[in-house]
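Asker: Can you read through this structure? Questions will come right after.
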Amino acid sequence: MTNYIAALVDELYRLGVREVVISPGSRSTPLAILFCEHEFEVFVNIDERSAGFFALGIAKEKERPVVLVCTSGSAVVHYFPAIVEANYAKVPLIILTADRPHELRQVGAPQTIDQVKIYHGYVKYYEELALPEETDSMYRYVRTVMQKAYVSSVSGEYGVSHINIPLRDPLVPDFGILDFSLGRLEYPFQWTKNDSQLTMNDAVFRDKRGIIICGGDAYANYHREVLALAERLKTPVLADPISNFRNYGHDQIIDSYDAFLKNDEIKKELKPEFIIHFGQVPVSKRLQQFIAIHRDVLYFQVSRTFQYRNPSLSINRLIVASPGDFARSVHVQNDNDEYLSRWWHYQKIMRRRLNLAVNEASLFEGKLVQRLQDMLPEGSRLVVANSMAIRDVDYFWETRRQNIKILCNRGANGIDGVVSTALGISTCQQPTVLLTGDLAFYHDLNGLLVGKTHRLNLVIVVLNNNGGGIFQYLPQSKSKYFKFLFMTPHGMDFAGLQALYDVTYFEPGDYDAFERDFQTALTLEGIKVVNIIIDAELSKSLHDIYTCLN
């Protein structure tokens, strides 16, 4: 517990907090002691209601966040009047409420109330911390939460952040192991929301190797500005399929990174000195792992609004600005041809391998994705389901000049609602295709009714491996309950949809039939289902062979 709380305390100081108001109590002991052990100015006020307004006064005068600390139970409630005032007056406060651990809640333990979201409606940001663990990942986690709490309190209109902190006995810190530095990133976390500050970026990029990551962004209108930035910095652009950067056919776009970043030696060789990240978290898990092992580099997240997309716990520069404005603000010209050529070397190797797989494989999703890319008309919308479908598009959709917009529900990353989403997109009157697995399709079959009712046009390509094929790639595949609990074969015959929802149904048995059926489906009115039966075991073996470089 000691260094977990020490990391929390230290990060608040690094962010700029200097004043702490403490209401005495037992459960908050480690917080109170470690704030005193650090360099903060600490005030003690035995009346929580008064303490809240006292902190409010300091924050008004200093024009920066002040931390309030209290124990569990009714003490938490006494802060409420000051929090209400801070909310309406737009004063920055960070409330740290100690709490009983989960096993002591709802069992009659003393000084225990429901503190979860207790200030709901009056705070800008809330999070309940995980129980303390003395591990590097948890030190970084708790620092990340403090970053979110701090920035939330001062971004846009000022306001209140509330962090609820469950703590187990013993509560007194162990000074024999105390170290405030654990979990610190190489570069202290900074953020900016002022466009005038963007001109300061040139120096940090000059003569450094870097990468640009482009994740999905439904409203992206900055593709050309980012590509121009990449040209100036001589950086590879790692383009997620739903970023739609791959449409531009630019020489610096890398699309096969998920395959070659599996190799540990390549990951070391390609280590950057800075990362610039636009858009959402990428689909690729290997790219996330690549980021996570290089936490000692400058990592810029650029977003129009304060959105903290940081599962790798690595971001140390948060830029709240228009991505296009940020890209235009960096004027430095770098000479990193050698670093860029290394990325291109592995890209070419993997692209040759992926194309070879497509030429040799039988009813393999990779080949289907590539043929789909060849056949989609200009101006099409391709809606992709989560799970394996979006991963196959990530692997096999290559960079080329074309006007095909790829969309995917990557907000919560669930499989639900994909048919209805695609039908909503189809109202654009452009050719619209849904690429989905069988379980995601089954999950939203009732969505077909709205297509029938409103006479919408949609082609649905179902990659049907008869269950949860993605679990073959996960540790669950080793379980004796794998088939029963995870693969869950259903044996459904989707041909029955013809009568139920008035769809046109195809079930091609080879690639030539798929091409014929798909081209025919594009010419027909209404909903068309192209159901492709996939051998799950063969598919798994082909993925293993062709989507990695060792």
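The opening position of the sequence shown corresponds to residue 900 in this note's numbering, with each subsequent residue numbered one higher. Glycine included, each C-beta is placed from N, C-alpha and C at the ideal position.
Are residue 1153 and residue 1246 touching if we call contact CB-CB under 9 Å?
Answerer: One-based indexing of the sequence shown puts residue 1153 at position 254. One-based indexing of the sequence shown puts residue 1246 at position 347. Their beta carbons are under 9 Å apart, which means residue 1153 touches residue 1246 by this criterion.
Asker: Would you check if the distance between the CB atom of residue 1141 and the CB atom of residue 1176 is smaller than 9 Å?
Answerer: Sequence index remark: in the sequence shown, residue 1141 carries index 242 (1-based). Sequence index remark: in the sequence shown, residue 1176 carries index 277 (1-based). Contact: no.
Asker: Between the Cα of residue 1195 and the Cα atoms of 1131, 1240, 1086, 1252, which residue gives the shortest distance?
Answerer: As a working mapping, residue 1195 is identified with position 296 in the sequence shown. Closest by alpha carbon: 1086.
Asker: Ignoring anything shorter than 4 residues or poking outside the region 1195-1232, list the alpha helix (DSSP H) runs there in chain order.
Answerer: With a minimum length of 4 residues, the continuous alpha helix (DSSP H) runs that stay inside the region 1195-1232 are 1222-1228.
Asker: Would the C-beta of residue 906 count as close to the ligand GDP, meaning under 8 Å from any of its heavy atoms?
Answerer: Summarising the ligand content, the structure contains no ligands, and the ligand GDP is consequently not present.
Asker: Are three or more beta carbon pairs between the region 1364-1372 and the region 1342-1351 nearer than 8 Å?
Answerer: Counting Cβ pairs under 8 Å, fewer than three are found: no touch.
Asker: Which residues does DSSP pair with residue 1142 in a beta bridge?
Answerer: In the sequence shown, counting from the first residue as 1, residue 1142 sits at position 243. Per DSSP, none; premise fails for residue 1142.
Asker: Does DSSP put residue 1314 in a helix, a strand or coil?
Answerer: Indexing the sequence shown from 1 puts residue 1314 at position 415. Here residue 1314 sits in coil by DSSP.
Asker: Alpha carbons only, please: which of 996, 1022, 1310 is nearest the one belonging to residue 1012?
Answerer: Working through the sequence shown from its first residue, we reach residue 1012 at position 113. Selected option, being the one with the closest Cα: 996.
Asker: Who are residue 1335's beta bridge partners in DSSP?
Answerer: For the purposes of this step, residue 1335 is taken as residue 436 along the sequence shown, with counting starting at 1. DSSP, once it has assigned bridges, lists 1361 as partnering residue 1335.
Asker: Under a three-way DSSP split, which group does residue 1063 fall into?
Answerer: Residue numbering aside, residue 1063 sits at position 164 when the sequence shown is read from its first letter. Strand.
Asker: Can you have a look at residue 1216 and say buried or exposed, based on whether 16 or more other CB atoms are within 10 angstroms of its CB?
Answerer: On the sequence shown, position 317 is the one that residue 1216 refers to. The residue is buried, with at least 16 neighbouring Cβ atoms inside 10 Å.
Asker: Which partner residues does residue 992 have in the DSSP bridge list?
Answerer: For this step, residue 992 is matched to residue 93 along the sequence shown. Answer is 965, 1059, bridged to residue 992.
Asker: Go ahead and pull the three-state DSSP assignment for residue 1074.
Answerer: Along the sequence shown, one-based indexing puts residue 1074 at 175. Coil, per DSSP.
Asker: Along the chain, where does the alpha helix (DSSP H) that runs through residue 1105 open and close?
Answerer: For the purposes of this step, residue 1105 is identified with residue 206 of the sequence shown, where counting begins at 1. Note, residue 1105: premise wrong, no alpha helix (DSSP H); not H, not E.
Asker: Could you pull out every residue in the same chain whose Cβ sits closer than 8 Å to the Cβ of residue 1439, ignoring the five residues on either side in sequence?
Answerer: What you label residue 1439 is simply residue 540 of the sequence shown in a count that begins at 1. The answer, listed in chain order, is 1368, 1371, 1372.
Asker: Give a yes or no on contact between the region 949-960 and the region 984-992, applying the rule of three or more CB pairs nearer than 8 Å.
Answerer: Yes, since at least three Cβ pairs between the region 949-960 and the region 984-992 fall closer than 8 Å, the two stretches touch.
Asker: Given this structure, state the Cα-to-Cα distance separating residue 1050 from residue 1201, to the nearest angstrom.
Answerer: Within the sequence shown, residue 1050 is the residue found at index 151, counting from 1. Within the sequence shown, residue 1201 is the residue found at index 302, counting from 1. Their backbone Cα atoms lie some 14 Å apart in a straight line.
Asker: Please go through the same chain and pick out, in chain order, the residues whose beta-carbon is closer than 7 Å to the beta-carbon of residue 1329, but skip the five residues on each side of it.
Answerer: Walking along the sequence shown from the start, residue 1329 turns up at place 430. The answer, listed in chain order, is 1278, 1279, 1280.
Asker: At a cut of 8 Å, does the region 1143-1153 reach the region 1114-1122 through at least three beta carbon pairs?
Answerer: Yes: at least three Cβ pairs fall under 8 Å.
Asker: Our contact map puts residue 1018 next to residue 1061 with C-beta atoms below 8 Å; I'd like the distance itself, whole angstroms only.
Answerer: Taking the sequence shown and counting its residues from 1, the one referred to as residue 1018 is at position 119. Taking the sequence shown and counting its residues from 1, the one referred to as residue 1061 is at position 162. Rounded, the Cβ-Cβ distance is 5 Å, consistent with contact.
Asker: Given a threshold of 16 other Cβ atoms within 10 Å of its Cβ, counted over all protein chains shown, does residue 1302 qualify as buried or as exposed?
Answerer: Walking along the sequence shown from the start, residue 1302 turns up at place 403. With fewer than 16 Cβ atoms within 10 Å of its Cβ, residue 1302 is classed as exposed.
Asker: Here's the rule I'm using: 16 or more other beta-carbon atoms within 10 Å means buried, otherwise exposed. How should residue 1312 be labelled?
Answerer: Counting from one through the sequence shown, the residue named residue 1312 turns up at place 413. The residue in question, residue 1312, is exposed, as its Cβ has fewer than 16 Cβ neighbours within 10 Å.
Asker: Distance, Cα to Cα, residue 1091 vs residue 1219?
Answerer: Working through the sequence shown from its first residue, we reach residue 1091 at position 192. Working through the sequence shown from its first residue, we reach residue 1219 at position 320. If I take the Cα positions, the gap works out to 6 Å.
Asker: So, for residue 1041: in the same chain, excluding its five sequence neighbours on each side, which residues have a beta-carbon less than 7 Å away from its beta-carbon?
Answerer: In the sequence shown, counting from the first residue as 1, residue 1041 sits at position 142. Excluding positions up to five away in sequence, the list reads 903, 906, 907, 1028.
Asker: Determine the direct distance from the alpha carbon of residue 1399 to that of residue 1419, and round the result to whole angstroms.
Answerer: Here the question's residue 1419 lines up with position 520 in the sequence shown. Here the question's residue 1399 lines up with position 500 in the sequence shown. Roughly 21 Å separates the two Cα atoms.
Asker: Rounded to whole angstroms, what is the Cα-Cα separation between residue 974 and residue 925?
Answerer: Position 75 of the sequence shown, counted from the first residue, corresponds to residue 974. Position 26 of the sequence shown, counted from the first residue, corresponds to residue 925. In a straight line, the C-alpha of residue 974 is about 11 Å away from that of residue 925.
Asker: Select from 1391, 1423, 1429 the residue whose C-alpha is nearest the C-alpha of residue 1409.
Answerer: Residue 1409 sits at position 510 when you count from the first residue of the sequence shown. Closest option to residue 1409, Cα to Cα, is 1429.
Asker: Taking all protein chains shown into account, decide if residue 1095 is buried (16 or more other Cβ within 10 angstroms of its Cβ) or exposed.
Answerer: Your numbering for residue 1095 matches position 196 in the sequence shown. For residue 1095, the predicted model reports a pLDDT of 48, less than 50, meaning its position is unreliable; a value from the coordinates is still stated below. Exposed.
Asker: Hey, would you say residue 1295 sits closer than 9 Å to residue 1253, going by beta carbons?
Answerer: The count along the sequence shown starts at 1 and reaches residue 1295 at position 396. The count along the sequence shown starts at 1 and reaches residue 1253 at position 354. It is a contact, given that the beta carbons lie within the stated cut-off.
Asker: Kindly indicate the opening and closing residues of the beta strand (DSSP E) around residue 1427.
Answerer: If you number the sequence shown from 1, residue 1427 lands on position 528. Start and end: 1426-1432.
Asker: Take residue 1263 as the anchor and find which of 1108, 1241, 986, 1291 has the nearest alpha-carbon.
Answerer: Reading the sequence shown from its first residue, position 364 is the one you call residue 1263. The option with the nearest alpha carbon to residue 1263 is 1291.
Asker: To which residues does DSSP link residue 998 through a beta bridge?
Answerer: In the sequence shown, residue 998 corresponds to position 99, counting from 1. According to DSSP, residue 998 bridges with 1065.
Asker: Fully enclosed by the region 905-934, which beta strand (DSSP E) runs are 3 residues long or longer?
Answerer: Taking only runs of at least 3 residues, the beta strand (DSSP E) segments lying wholly in the region 905-934 are 918-921.
Asker: For residue 1325, does the count of other Cβ atoms within 10 angstroms reach 16, so buried, or fall short, so exposed?
Answerer: Here residue 1325 refers to the residue found at position 426 of the sequence shown. Answer is buried; the Cβ neighbour count reaches 16.
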